[in-house]
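Numbering (the numbering used here), first residue to last: 310 to 494.
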């Protein structure tokens, strides 16, 4: 085998090996969505979990032990529901927090989705990731680890006059990048 053919063969093998990411497939139907194949052998378990552009998964909830009421904002956590609310639990559901695996019972939980432009109205309750970018605006999480271990806030929109610049102002005068906003599903 000639040296050129050998180098070509090695290059092809390396390209194939580095281009293959096991257990990961990108959905061509949903934009900015990644499907991660399930690693469980339990046939009753969901076969895949879908993450959106903020790395929030389809089975994630945002939970708090207190309501927002008239506060500027409250902290909320990503969590997985362990037990649905029922009569015995007085309408509270059981959740396992993503951040530290603590288990809580609460009636204050939301299933959310990425906000659309038409969702962004003054007074609307929104959830956003609590990390600022170089311009001082709250930005979206950069990866799954950050999304599930970082702080999230629940607040209300106060001003949308900078929406053309993809900025929304929430209670307290904080500015949030539009791609960092979630709303109740």
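We put the CB at the ideal spot given by N, CA and C, even for glycine.
Treat the numbers as computed from the prediction; the structure is a model and nothing was measured.
Go ahead and label residue i buried or exposed: buried means 16 or more other beta carbons lie within 10 angstroms of its beta carbon, across all protein chains shown.
{"i": "residue 474", "result": "exposed"}
{"i": "residue 387", "result": "buried"}
{"i": "residue 489", "result": "buried"}
{"i": "residue 391", "result": "exposed"}
{"i": "residue 412", "result": "exposed"}
{"i": "residue 398", "result": "exposed"}
{"i": "residue 373", "result": "buried"}
Please state whether the Cβ-Cβ distance between residue i and residue j is less than 9 Å.
{"i": "residue 421", "j": "residue 491", "result": "yes"}
{"i": "residue 449", "j": "residue 362", "result": "yes"}
{"i": "residue 365", "j": "residue 456", "result": "yes"}
{"i": "residue 466", "j": "residue 433", "result": "yes"}
{"i": "residue 418", "j": "residue 402", "result": "yes"}
Under a three-way DSSP split, which group does residue i fall into?
{"i": "residue 478", "result": "strand"}
{"i": "residue 493", "result": "strand"}
{"i": "residue 422", "result": "strand"}
{"i": "residue 460", "result": "coil"}
{"i": "residue 486", "result": "strand"}
{"i": "residue 387", "result": "strand"}
{"i": "residue 312", "result": "helix"}
{"i": "residue 411", "result": "coil"}
{"i": "residue 440", "result": "coil"}
{"i": "residue 406", "result": "strand"}
{"i": "residue 398", "result": "helix"}
{"i": "residue 467", "result": "strand"}
{"i": "residue 369", "result": "strand"}
Once you ignore the five residues that flank residue i on each side, which residues in its own chain have a CB closer than 8 Å to its CB?
{"i": "residue 426", "result": "472, 487"}
{"i": "residue 505", "result": "Lying before the first or after the last residue shown, residue 505 is absent from the chain, which here runs from 310 to 494."}
{"i": "residue 461", "result": "371, 384, 385, 386, 387, 436, 437, 438, 439"}
{"i": "residue 458", "result": "407, 408"}
{"i": "residue 445", "result": "484"}
Spatial neighbours of residue i within its chain, please: C-beta separation below 7 Å, excluding the five flanking residues on both sides.
{"i": "residue 400", "result": "394, 416"}
{"i": "residue 376", "result": "417"}
Looking at C-alpha atoms only, which residue of the options is the closest neighbour of residue i?
{"i": "residue 407", "options": "371, 433, 446", "result": "371"}
{"i": "residue 378", "options": "483, 463, 410, 494", "result": "463"}
{"i": "residue 483", "options": "376, 381, 375", "result": "381"}
{"i": "residue 437", "options": "485, 367, 481, 494", "result": "485"}
{"i": "residue 493", "options": "376, 435, 461", "result": "435"}
{"i": "residue 367", "options": "453, 385, 443", "result": "453"}
For residue i, which residues of its own chain have a beta-carbon under 6 Å away from its beta-carbon, when the five flanking residues on both sides are left out?
{"i": "residue 369", "result": "387"}
{"i": "residue 266", "result": "There is no way to answer for residue 266, as the model of the chain reaches only from 310 to 494."}
{"i": "residue 481", "result": "381"}
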